[in-house]
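Chains as they are written, first to last, in our numbering: chain A, 1 to 427; chain B, 428 to 1176.
Glycine included, C-beta positions come from ideal geometry on N, C-alpha and C.
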């Protein structure tokens, strides 16, 4: 790893998803020195795994391409991948951040030619596809991966396969002796933007995510639509690969629930509305989508997207918290039981596939931040405390992409205020 | 300016050397490309290869570098050299990865590569290093228009970062709508009730800051200039005026109240006991924690019903079609205060919208405070001494009613964004399209067009362009701050409906963008999406016919006209898309590194086989933002692309000048494909109107084709996405097939 230069006028951004990218770029384009630290082998985060954005039904990679080009063009910005922040000490204007660098086993010589991938046989569950398909032990995280550099899965180290990968590389890019490294960096301010993870659906026992093959989460459903994803873009049942045309979307699966996440995850209503359009697009008049919901929170001017979906006769809305899901053993279909609270009607509805609109769980870690950093009961960073550490995006609140971009841009200014103060004092 | 010296570097790595005759490529660069220095290298992007190039730059006088290797999107760290022009011939993703490795394909694959080397050399010959125009100026002063909570926040946050601020407020006091509130919804998560607005503290900070100049009772009579050098003329109520110079603006002019008298069925305007949320806030403020008095008779209010979505989320004429976002939480807040004052409070809703952690916490706080939540749709309110709210109870599925002393209508926010500069031209377009719904909507807007707020002296109108429903335009998912007027950023509910917490976050973000605009203007750097680009358009005055197309078609209103009718570019407003270059019928507009020549010469550099070779040529002009990356990914996935295609990336389809198409057809190309981004309301074009302009211009190309006696299918324009990794090769291959059917162009020599 080459030397990273940082001073107490440097801004560190932790997390390279849409929020972290935005915060880092906006600050760097104001002329500030920025270090972006990302845990995964490439930046892009969770949005890069989405098929489309609501409400425009446009593609996340379109915006990411612009962000990556801004990254490539900006000399003020340094990106560290496979790097994790394990501790932050100090105070605004003078933080010492401990960064754990995991080995990629591939150096900057890599041309992304793909020969190592062809050479190896070992396969592992593909994180980019939520484990729905395997990937090789030498891999590029996705078509859009930035940096565009291969990774050797650490589980392959020591195996013959790893040697095969090394032998296949003509450019001396594979270094199987790379070691983890730890370094301490001095920075003036930290923007924490590590985003969210889907709530563990298996914890919602009555829905049987761990028992029923045809119960999937909404993030897994997104992967199904990607032509390069696990099903080649086909909406199908995991149990038998049959097209899934009659789909139930269950809202607030793990959100707004005392037993799970108390908060509303904000994006899930719009996400399910969006996903009904995928079903419609793929199956036309044969598509049947049913949304089981408490409230449809298609907030502000994007309410018109809800109105458009409501107008689709093949989309049904049932105001109900689904009580449980049983499997019809004969055909693998799922039977949803509950009460439609509008008129109090009991139902037992059968569907091909169930998509759980699982909630957004904060990934703000314990034990990393200095004393005085406030974290609320939902595990979001509380930005009202006076410090030089700012939560951005879904580290601060359950947000959709445009609000995350807004939050990240605001965080960039707060960080700049801190480093400008330092610059002022240091003259 | 030193003499042109082209260095061409042919990489043999990643299979290029195995699949292609690189010695021939080097020869092509030398012979056809007129490269002074040519090197082949087994692994050009490694330290040694990079050092080779750097050495030629440092010691051999190479100032134009052609890298024939991988895509311009790959290995950008390695191939970044200061002070020289660089171009890339895409031999990896663009050639060997999209062609089969077979003996029979070898010849045509080599021809493809030869052409890309020729094209790169032709392009670089006409590329210059951008030099600053001299228009730059550093002005770290920001004007914030609007003194409500958004504007105050933008001002205070910019000042805290060390910038000077002029805060311009139309009325005699700061604080806007928030100053009228009794309490606010908390911004923090956690179970708690309504909290103080703290607007006084914000006003105090702005007032006390030596960096903020407050202009009360002041409106803007003219805004002129560009980022880094805006001049704002202000008029005070007293009749005096003042001119200030700023680097950037934040427009935080908030929203207007929806007129409740438009809702007579709900009692709006018929009874003084039917109020909107701001009206009720005034009663709560007057009560100050004590009994709430009814406006009609002063009697203590014992029951309040809040009717959500009053006149909004509705397609009824005169209603607002959207949701205003904040009103559910606002009603919960007011209901909680009512409960504390001893009144029963019922919130009648269809969807209770309190998203996020803070929203849901506040909803629960309301439930715990004993607020009644009724899922119901209110149809009418009967007015009289007591109010009767008639509604359909959606849970019991029956029509019923409730009595109340007071009814609060949760009406929507009407953006105070000023008039849409494109209202008239949009209306004309909608009339042409026979889109009745849109015509009606636009006609209503024309009839009610407000007075200008910014009074921009721009060729394209006085205020920020709108998108829908009067909210200002932006790429509102990925790039919420990008308005269509560089250096002027909208913050708060003129952008979309929002609550206080979001408006403050928004204002902070907008302040950052304003700061960024000041800093970039000082060094001539472009704003998003071509961040950092130093090139800018200029024109050859002697050729200009003053036709005004460039000034009309610029998506960002960057170009004014001078007294003589010549374009005036205002470099720092420019986003460098080249839509002006595409518009110019006499082709006098160019950038130093991107011009009619840099593309046109590539088109001409392609070796054109004669008709007996039966090797057609397809010109593909691909948007560099979406189509070109998709083509790269097609290569990564080894999709096959017709060997006849010659692909040229363009900044935006809007920059495509029809001369390239005409020249291509005249010189024997058999087909031309234009690949741009989605246009229309849900546009994905990063330059907003670029793709739309290109489609419009191409719709006129049929005349050219019929003059040349060519089939019109030979030129096709597509809207594609970055994810069309499979579709784009298909489009190209289909054109190949089509040429097979209709035959080659007769214009081969």
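- Considering only 458(B), 440(B) and 486(B), the residue with the shortest C-alpha distance to residue 502(B) is 440(B).
- Distance check between residue 148(A) and each of 106(A), 167(A), 166(A) and 156(A) places 106(A) closest, using alpha-carbon atoms only.
- Of all residues in the region 379-402 of chain A, those with a C-beta nearer than 8 Å to a C-beta of chain B are 380, 382, 384, 397, 398, 399, 401 and 402, reading in chain order.
- The beta carbon of residue 804(B) sits no closer than 8 Å to any beta carbon of chain A.
- Going by beta carbons, residue 315(A) and residue 340(A) fall outside the 8 Å limit.
- For residue 926(B), DSSP assigns no beta-bridge partner whatsoever.
- For residue 751(B), the nearest beta carbon of chain A is closer than 8 Å to its own beta carbon.
- At a cut-off of 8 Å between beta carbons, residue 1111(B) contacts chain A.
- Annotation: the region 625-680 of chain B contains the following complete segments of the beta strand (DSSP E) (minimum length 3 residues), in chain order: 639-642, 645-651, 657-663, 668-673 and 675-678.
- By the criterion of a C-beta distance shorter than 8 Å, residue 926(B) is surrounded in its chain by 612, 752, 753, 756 and 757, once the five residues flanking it on both sides are discounted.
- In its chain, beyond the 5 residues on either side, 964 and 986 have a beta carbon closer than 6 Å to the beta carbon of residue 996(B).
- Residue 196(A) sits in a strand when the DSSP states are folded into three classes.
- If you draw a 10 Å sphere on the C-beta of residue 59(A), you find 16 or more other C-beta atoms in it, and that means buried.
- Leaving aside the five residues that flank residue 770(B) on each side, the residues in its chain whose CB is nearer than 7 Å to its CB run, in chain order, 719, 728, 729, 730 and 731.
- Taking each of 1172(B), 1146(B), 1153(B) and 1110(B) in turn and checking the Cα distance to residue 1138(B), the smallest one comes out for 1172(B).
- About 19 Å separates the beta carbon of residue 969(B) from that of residue 553(B), a gap too long to meet the 8 Å contact definition.
- If you check the CB distance, residue 942(B) and residue 590(B) come in under 8 Å.
- Residue 1160(B): member of the alpha helix (DSSP H) spanning 1154-1169, first to last residue.
- If you keep only unbroken beta strand (DSSP E) runs of at least 3 residues inside the region 196-251 of chain A, you get 196-198 and 215-217.
- The DSSP-derived three-state label of residue 775(B) is strand.
- Fewer than three beta-carbon pairs drawn from the region 39-55 of chain A and the region 877-885 of chain B are found closer than 8 Å, and the two stretches are therefore not classed as touching.
- Sorting 815(B), 649(B) and 1045(B) by C-alpha distance to the C-alpha of residue 889(B) places 649(B) at the top.
- Cβ-Cβ separation between residue 4(A) and residue 78(A): approximately 6 Å, consistent with a contact (criterion under 8 Å).
- The region 650-659 of chain B makes contact with the region 905-925 of chain B: 3 or more CB pairs, one atom from each, lie closer than 8 Å.
- The beta carbon of residue 275(A) lies closer than 7 Å to those of 218, 221, 249 and 355 in the same chain, with the five residues before and after it left out.
- Taking 8 Å as the cut-off, the Cβ atoms of residue 624(B) and residue 615(B) do not count as close.
- Beta-bridge analysis with DSSP links residue 78(A) to 35(A).
- In this structure residue 384(A) is exposed. Its beta-carbon is surrounded by fewer than 16 other beta-carbon atoms within 10 angstroms.
- With respect to the C-alpha of residue 63(A), the residue from 1149(B), 1009(B), 1010(B) and 1030(B) having the closest C-alpha is 1149(B).
- Taking each of 273(A), 113(A), 180(A) and 95(A) in turn and checking the Cα distance to residue 524(B), the smallest one comes out for 113(A).
- Here DSSP, grouped into helix, strand and coil, assigns residue 933(B) to helix.
- Within the region 1055-1124 of chain B, the complete beta strand (DSSP E) runs of at least 3 residues fall at 1072-1077 and 1098-1103.
- Not a single C-beta of chain A is nearer than 8 Å to the C-beta of residue 800(B).
- For residue 760(B), same chain residues with a beta-carbon under 6 Å away, outside a window of 5 residues either side, are 612 and 621 in chain order.
- Three or more Cβ pairs closer than 8 Å define a contact, and the region 764-778 of chain B meets that threshold against the region 792-805 of chain B.
- The residues 122, 137 and 162, in chain order, have a CB closer than 6 Å to that of residue 156(A) in the same chain once the five nearest residues on each side in sequence are set aside.
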